[in-house]
Structures are given as structure tokens and as C-alpha cells.
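A.B. asks: According to numbering that gives the first Met the number 0, the sequence shown is numbered sequentially starting from 0. Here it is: the structure, laid out below.
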Amino acid sequence: MNKIAYNPQSLVADEFINHDEILETLAFADAHKSDWQMIEEIMQKARKHKGLTHREASVLLACEDKDVNAEIEKLAKEIKLAYYGNRIVLFAPLYLSNYCVNGCVYCPYHAKNKHIARRKMTQEEIKREVIALQDMGHKRLAIELGEDPVNNPIEYVLESIKTIYSIKHKNGAIRRVNVNIAATTVENYAKLKQAGIGTYILFQETYNRESYEKLHPTGPKHNYAWHTEAMDRAMQGGIDDVGIGVLFGLSTYRYEFAGLLMHAEHLEAVHGVGPHTISVPRLRHADDIDTADFQDCISDDIFAKIVACIRISVPYTGMIVSTRESKQTRERVLQLGISQISGGSKTSVGGYAEPEPEDENSAQFDVIDNRTLDEVLCWLMQIGYVPSFCTACYREGRTGDRFMELCKSKQIHNCCHPNALLTLQEYLTDYASPKTKAVGEALIAREVKGLSPAMAKYVLQHLDDIRQGRGRDFYV
Ligand code: SAM
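So, in C-alpha cells, the structure goes:
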């Protein structure tokens with residue numbers, strides 16, 4: 000069989016995620032994982048905070064030396080601080096419907112699962128869910144749906160987004176809706192853009208075509224090229240913030256890691272903008288899914304190393320970890336570069352306004368971190384982070400290359416830090432428990448001191464406005 004040439008600028012899936020290039024990368028990494036001179040050169044490049052290629056990063060991922068790994072972790076922490084500060088953005092997933100026509104063997108929504116409760120929320124139900132989410136303090140959602148052209152057409156998604164943005168309950172508002180729906184057409188992506196979405200998120204699940212086709216035996220998701228080329232169509236449709244990720248556990252992690260970085264390189268090469276976010280979900284137990292059936296599940300140590308290696312390879316990208324991970328694991332990877340986490344999440348359809356009845360289960364996977372949003376916030380602050388509900392960037396047009404320019408020049412801090420403090424104050428005034436409020440007020444007082452005098456004046460004025468009920472939604 001003829002080899003397919005690797006070309007990061009191509010729009011053809013097998014050319015920009017090139018199987019032979021990945022195999023060569025893995026062989027190169029094995030050959031050089033103890034090549035100290037090469038490792039030192041790669042680390043020198045990484046220390047400049049300009050990122051690494053998939054080949055360079057794969058060598059570091061393969062390296063088993065304790066000292067090198069400790070330095071990778073240290074550098075990951077340093078890069079996270081330089082680009083994203085000590086802020087952590089909070090969001091919640093909202094599952095609108097679990098009807099699905101696909102046959103994904105790792106997901107309980109697969110069409111053959113006849114005993115999982117199928118649910119699709121009406122607009123009235125969505126309103127109730129959004130009110131419950133606003134009452135928790137959330138400002139940013141990621142909506143999730145199974146793929147089903149009859150039950151979940153794009154019109155349903157668009158109507159739901161409109162409903163979500165329209166609800167203003169007490170001082171609450173959902174100010175950014177990110178969307179995680181199956182790969183679709185350029186026309187549909189343009190409609191999502193018009194509806195005012197934030198990031199379009201789509202996990203590749205696995206970059207290995209052979210594994211992909213086995214794991215998605217039936218339904219439209221079986222089409223590897225359609226799925227892999229989705230982000231290019233999203234960008235053609237005008238969405239300039241896209242979020243990528245793989246579901247770790249489905250195939251060998253070193254292959255996935257190289258594929259993930261090649262995808263980021265491809266987006267940069269073609270569109271001039273890399274991924275706005277990279278998610279690192281790990282496969283979890285769910286209704287009829289047993290992780291023991293999957294041979295490639297990864298340990299906590301490997302997971303942490305992957306996070307650190309992504310952080311030093313793609314310094315500008317936001318990195319997301321969900322409640323698929325425990326409090327302990329989340330604490331560990333927050334240090335290594337994560338910039339966004341979900342909190343107080345439900346992975347069932349609905350479930351925020353009223354808990355799901357015990358005899359029904361519509362959840363996509365078991366939530367491991369079951370703490371409330373308030374508990375997550377208090378914990379974050381106690382371990383040295385500033386929780387942020389900020390959604391200002393995309394509302395101010397700081398998306399795509401404009402966001403990347405600010406982020407890469409490490410200027411984004413000037414907007415994000417004041418905005419984080421202002422949105423945290425909204426949370427403290429409107430929703431926090433007394434303990435979280437006390438911890439938060441002390442933290443804000445400390446953090447304001449680090450702002451420039453002009454910015455501190457602006458922030459102090461509006462912190463007071465929020466506390467006194469004179470207004471909300473102040474941002475730079
Ligand atoms: N249906 C959409 C699609 O086809 O891309 C995406 C929405 S799906 C609700 C969100 C993600 O959950 C999937 O992309 C998959 O990576 C992840 N997921 C599915 N089954 C899972 C499991 N058992 N454990 C952890 N994550 C899972």
C-alpha cells in the first residue's frame with residue numbers, strides 16, 4: 000500500500016493526522032528517550048515557553064527519568080502561571096438529550112442500550128435546569144447531546160441555546176454557552192456561531208483510525224474523516240474557538256498524545272489559531288460500560304504526565320478537567336496546567352432542578368467528584384487558586400487569533416485577573432456559604448493588591464457596586 004504523505008496543512012484527515020508519521024514519531028521517541036543531549040535540547044526549547052512539536056513532546060512523554068519528569072512538572076506549573084495565572088475558570092455541563100443513533104462501544108448512550116432512560120428536555124424543563132444552575136452560581140455552561148437527527152436536530156440545539164441565554168433569574172445569567180455536539184456541516188456550524196456560542200467542543204475520542212472504526216461500529220460517527228475534519232468545518236463556519244480532546248483509555252496513550260498535538264499543529268497551520276482548549280477526559284464506568292473491558296486505561300501517574308506534557312507543548316491553550324476525576328487527581332493536575340474545571344456537575348439529562356429518580360439512570364458516566372460548586376470553590380481558594388466565572392473575552396470579541404495574540408504575549412492576564420475577581424465577588428455576594436464568603440473576601444483583598452493602581456481603583460469601585468447591589472456583570 001502506498002504511504003500517505005504527512006501534511007499538517009492538508010484538510011484531509013489522513014494527511015494531517017498521519018498514521019505513518021505517528022508510528023515514526025513513536026519509534027523516534029523510543030530511540031531517544033534516554034538520549035540526554037536531545038532531551039536537554041528539547042527542555043531548553045520548552046523553557047522558552049514557545050511550545051514543542053509532536054515529535055519533541057513525544058520524546059519527553061516516553062522519557063522515564065525521574066529528574067527529567069520532575070523538571071517537566073516544574074516547567075508545566077511555571078508555564079500555567081505565566082499564561083493563565085492562578086485563575087481557574089468554572090463551568091457546568093448541561094445534558095439536553097441522550098437520544099443517540101450511534102454505536103460508540105464506550106458510551107452508554109449507544110443506540111443498542113435499551114434499558115438506559117432516554118430523555119430529551121423540553122424548553123420548559125431547560126428553563127428550570129438553567130434557573131437551578133444560576134442559583135448554584137454558574138455563568139458558563141457546556142451543553143451536551145447525543146447524535147440523533149430526528150430527536151436532536153440543529154433547530155432543537157439552537158432553540159435551547161436561545162432559551163438558556165434568555166433566562167435572567169434574580170442576579171443570575173448564563174453568559175457563555177459552549178457546545179459539545181456531534182460533528183456537523185459548515186452550515187450548522189455557522190448557525191451555532193450566529194446563536195452566540197462560545198467554544199465548539201468535540202472530542203476525537205481516538206486518533207487511531209483503526210481503533211476509531213472498531214469503537215464506532217455503527218451510525219454517522221463511524222465516519223472517521225467526517226469526525227476528524229469537523230474542526231476545519233467549524234472554523235469555515237466562523238467558529239474560531241474550538242476545543243479538542245481524546246478520551247484516554249480507548250487506545251494507546253502515546254499514539255493519542257502525538258495525534259492530539261498534530262491536530263493542534265494542523266489548526267495553527269491552516270487557520271492560524273490553535274485549539275482554544277484541550278480536554279483530557281478519561282474513560283469511566285457508566286450504565287452498561289465496564290472500564291475493565293478496555294485494555295488501554297491509563298494510571299494516575301501517566302495521566303499527570305500527559306497533562307504536564309500538553310501544557311509545555313501548547314502553552315497558549317486552555318486545559319479542561321471534568322468531574323470524571325477525583326478531588327485528589329484534580330488537585331494534582333491543577334498544578335500541572337489545568338485552567339478550567341467543572342463543578343457540581345450532573346451527567347444525567349436534567350438533574351440540577353430535581354435529582355433523577357433512583358430507578359432511572361440517564362447519566363453518561365459516573366461523576367467521581369461529587370462536591371457541590373460551593374465546596375469546589377472553597378477548596379480551590381484554600382489551595383491557592385482564584386476561581387473565575389468570567390465570560391468577558393468572547394463577549395468583547397477576544398476570540399480566535401485576537402485571544403491567541405493576547406494569550407501568547409501573556410497580556411491576557413491584564414483582563415482576566417480583574418474579571419476573575421469581579422465575577423468571584425458576584426458569586427460571594429449572591430450564592431456563597433458563609434465559610435466560602437469569608438475565604439473569598441480575604442482572597443480578593445489580597446489579590447487586588449497585585450493589580451496596577453488604575454486597575455485596582457476600577458476593580459475596588461465595582462467590587463463595592465456588587466456588594467451594595469448597584470450592579471452586576473462588570474468587566475474589562
Ligand atoms: N455526542 C457528542 C459526540 O458525538 O461527540 C458529544 C457529546 S458526549 C455527550 C461527550 C463526551 O463524553 C464524548 O465525546 C466522550 O468522549 C465522553 N464519554 C462518552 N462515554 C464516556 C465514558 N464512559 N466515560 C467518560 N467519558 C465518556
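For glycine and all other residues, C-beta sits at the position ideal for the given N, C-alpha and C. Computed from a predicted structure; not experimentally measured.
Where does Pro495 sit, in a helix, a strand or coil, going by DSSP?
C.D. replies: Since the first residue of the chain shown is 0 and the last is 475, residue 495 is not available in this structure.
A.B. asks: For Ile238, which option in Ala268, Glu255, Pro280 and Gly195 has the closest C-alpha, if you only look at C-alpha atoms?
C.D. replies: Counted from its first residue, the sequence shown places residue 238 at position 239. It is Gly195.
A.B. asks: Where does the unbroken beta strand (DSSP E) through Val245 begin, and where does it stop?
C.D. replies: In the sequence shown, residue 245 corresponds to position 246, counting from 1. Segment: none, Val245 is in no beta strand (DSSP E) and carries neither H nor E.
A.B. asks: Given a cut-off of 8 Å on the beta-carbon distance, is the pair Tyr105 and Leu214 in contact?
C.D. replies: Here residue 105 corresponds to residue number 106 of the sequence shown, with the count starting at 1. Here residue 214 corresponds to residue number 215 of the sequence shown, with the count starting at 1. Yes, Cβ-Cβ distance for Tyr105 and Leu214 is below 8 Å.
A.B. asks: So, under 8 Å CB-CB, Ser347 and Glu355 are touching, yes? Tell me the CB distance rounded to an integer number of Å.
C.D. replies: As a working mapping, residue 347 is identified with position 348 in the sequence shown. As a working mapping, residue 355 is identified with position 356 in the sequence shown. Contact flag correct, Cβ pair sits at about 5 Å.
A.B. asks: Threshold first: 3 residues or longer. Then list the beta strand (DSSP E) segments lying entirely within the region 157 to 230, N to C.
C.D. replies: Segments of the beta strand (DSSP E) lying fully in the region 157 to 230: 175 to 179.
A.B. asks: Tell me which residue opens and which closes the alpha helix (DSSP H) that Ser96 is part of.
C.D. replies: Stepping through the sequence shown from its first residue, residue 96 is reached at position 97. That residue, Ser96, is in no alpha helix (DSSP H); its beta strand (DSSP E) goes Arg86 to Ser96.
A.B. asks: What does the alpha-carbon distance come out to for the pair Leu405 and Leu80?
C.D. replies: Translated into positions along the sequence shown, residue 405 becomes position 406. Translated into positions along the sequence shown, residue 80 becomes position 81. Cα to Cα, the separation comes out at about 15 Å.
A.B. asks: Would you tell me roughly how many angstroms separate the C-alpha atoms of His461 and Asp472, rounded to the nearest one?
C.D. replies: One-based indexing of the sequence shown puts residue 461 at position 462. One-based indexing of the sequence shown puts residue 472 at position 473. Whole-angstrom Cα-Cα distance: 9 Å.
A.B. asks: Which residues in the same chain have their Cβ closer than 8 Å to the Cβ of Leu335, if we skip the five residues on either side of it in sequence?
C.D. replies: Counting from one through the sequence shown, the residue named residue 335 turns up at place 336. Here the set comprises Glu72, Ala75, Lys76, Lys79, Ala303, Val306, Ala307 and Arg310.
A.B. asks: Gly468: buried (16+ other C-beta within 10 angstroms of its C-beta) or exposed?
C.D. replies: What you label residue 468 is simply residue 469 of the sequence shown in a count that begins at 1. Under this definition Gly468 is an exposed residue.
A.B. asks: Under 8 Å, with one C-beta from each stretch per pair, do the region 112 to 132 and the region 84 to 98 reach the 3-pair mark?
C.D. replies: The region 112 to 132 is in contact with the region 84 to 98.
A.B. asks: By a C-beta neighbour count over all protein chains shown, 10 Å radius and 16 as the cutoff for buried, is Ala419 buried or exposed?
C.D. replies: Here residue 419 refers to the residue found at position 420 of the sequence shown. Buried, by the Cβ-count rule.
A.B. asks: Can you tell me whether Glu209 is buried or exposed? The criterion is at least 16 other CB atoms within 10 Å of its CB, across all chains shown.
C.D. replies: The count along the sequence shown starts at 1 and reaches residue 209 at position 210. The residue in question, Glu209, is exposed, as its Cβ has fewer than 16 Cβ neighbours within 10 Å.
A.B. asks: Can you tell me where the alpha helix (DSSP H) holding Leu372 begins and where it ends?
C.D. replies: Translated into the one-based positions of the sequence shown, residue 372 becomes position 373. Where Leu372 is concerned, the enclosing alpha helix (DSSP H) stretches over Leu372 to Gln381.
A.B. asks: Which residue comes first and which comes last in the beta strand (DSSP E) that contains Arg139?
C.D. replies: On the sequence shown, residue 139 is found 140 positions in, with the first residue counted as 1. First-last of the beta strand (DSSP E) with Arg139: Arg139 to Leu144.
A.B. asks: Is any heavy atom of ligand 2 found at a distance shorter than 7 Å from the C-beta of Lys111?
C.D. replies: Absence of ligand 2 is noted for the structure shown, with ligand 1 being the only ligands found.
A.B. asks: Taking the Cβ atom as the reference point for each residue, do Tyr254 and Ile21 lie within a distance shorter than 8 Å?
C.D. replies: Taking the sequence shown and counting its residues from 1, one reaches residue 254 at position 255. Taking the sequence shown and counting its residues from 1, one reaches residue 21 at position 22. In contact: Tyr254 and Ile21 (Cβ atoms closer than 8 Å).
A.B. asks: Among Phe256, Val272 and Ile297, which residue has its Cα nearest to the Cα of Gly495?
C.D. replies: Because residue 495 is not part of the residues shown, which for the chain are 0 to 475, the question remains open.
A.B. asks: What's the gap between the Cα of Leu260 and the Cα of Gly383?
C.D. replies: As a first step, residue 260 is located in the sequence shown; it is residue number 261 there, counting from the start. As a first step, residue 383 is located in the sequence shown; it is residue number 384 there, counting from the start. Approximately 30 Å between the Cα atoms of the pair.
A.B. asks: Identify the continuous beta strand (DSSP E) that holds Met37 and give its terminal residues.
C.D. replies: Start at 1 with the first residue of the sequence shown, and residue 37 comes out as number 38. Unbroken run through Met37 is the alpha helix (DSSP H), Trp35 to Arg46; no beta strand (DSSP E).
A.B. asks: Based on the DSSP output, what are the partners of Gly317 in its beta bridges?
C.D. replies: Indexing the sequence shown from 1 puts residue 317 at position 318. BP columns for Gly317 point to Thr276.
A.B. asks: Cβ of Asn207 within 7 Å of any heavy atom in ligand 1?
C.D. replies: As a first step, residue 207 is located in the sequence shown; it is residue number 208 there, counting from the start. Flag unset: Cβ of Asn207 not near ligand 1.
A.B. asks: Exposed or buried, what is Asn151 when buried is set at 16 or more other beta-carbons lying within 10 Å of its beta-carbon?
C.D. replies: Stepping through the sequence shown from its first residue, residue 151 is reached at position 152. Asn151 should be labelled buried.
A.B. asks: Could you pull the start and end residues of the beta strand (DSSP E) that Ile297 belongs to?
C.D. replies: Translated into the one-based positions of the sequence shown, residue 297 becomes position 298. Taken as a continuous stretch (DSSP letters only), Ile297 belongs to no beta strand (DSSP E), as it is neither H nor E.
A.B. asks: Please report the residue range of the beta strand (DSSP E) in which Gln8 lies.
C.D. replies: Indexing the sequence shown from 1 puts residue 8 at position 9. First-last for Gln8: undefined, no H or E at that position.
A.B. asks: Is any heavy atom in ligand 1 found nearer than 7 Å to the beta carbon of Tyr105?
C.D. replies: Numbered from its first residue, the sequence shown carries residue 105 at position 106. Yes, the Cβ of Tyr105 comes within 7 Å of a heavy atom of ligand 1.
A.B. asks: Taking C-alpha atoms, which residue in Glu330, Asn101 and Pro107 lies nearest to Val149?
C.D. replies: If you number the sequence shown from 1, residue 149 lands on position 150. For Val149, the nearest C-alpha among the options comes from Asn101.
A.B. asks: CB-CB under 6 Å to Pro107, same chain, minus the five flanking residues each way: which ones, in chain order?
C.D. replies: Walking along the sequence shown from the start, residue 107 turns up at place 108. The residues are Ile115, Ala285, Asp286, Asp287 and Ile288.
A.B. asks: Is any heavy atom in ligand 1 found nearer than 7 Å to the beta carbon of Ile340?
C.D. replies: In the sequence shown, the residue the question calls residue 340 occupies position 341. Checking the Cβ of Ile340 against ligand 1 gives no.
A.B. asks: The beta strand (DSSP E) that contains Gln339, what's its start and end?
C.D. replies: If you number the sequence shown from 1, residue 339 lands on position 340. Residues Gln339 to Ser341.
A.B. asks: Across which residues does DSSP place Pro492 in a beta bridge pair?
C.D. replies: A query on residue 492 cannot be resolved here, the shown segment of the chain reaching from 0 to 475 and no further.
A.B. asks: Indicate whether Asp368 and Ser338 have their beta-carbon atoms separated by less than 8 Å.
C.D. replies: Residue numbering aside, residue 368 sits at position 369 when the sequence shown is read from its first letter. Residue numbering aside, residue 338 sits at position 339 when the sequence shown is read from its first letter. Taking 8 Å as the Cβ cut-off, Asp368 and Ser338 do not qualify as a contacting pair.
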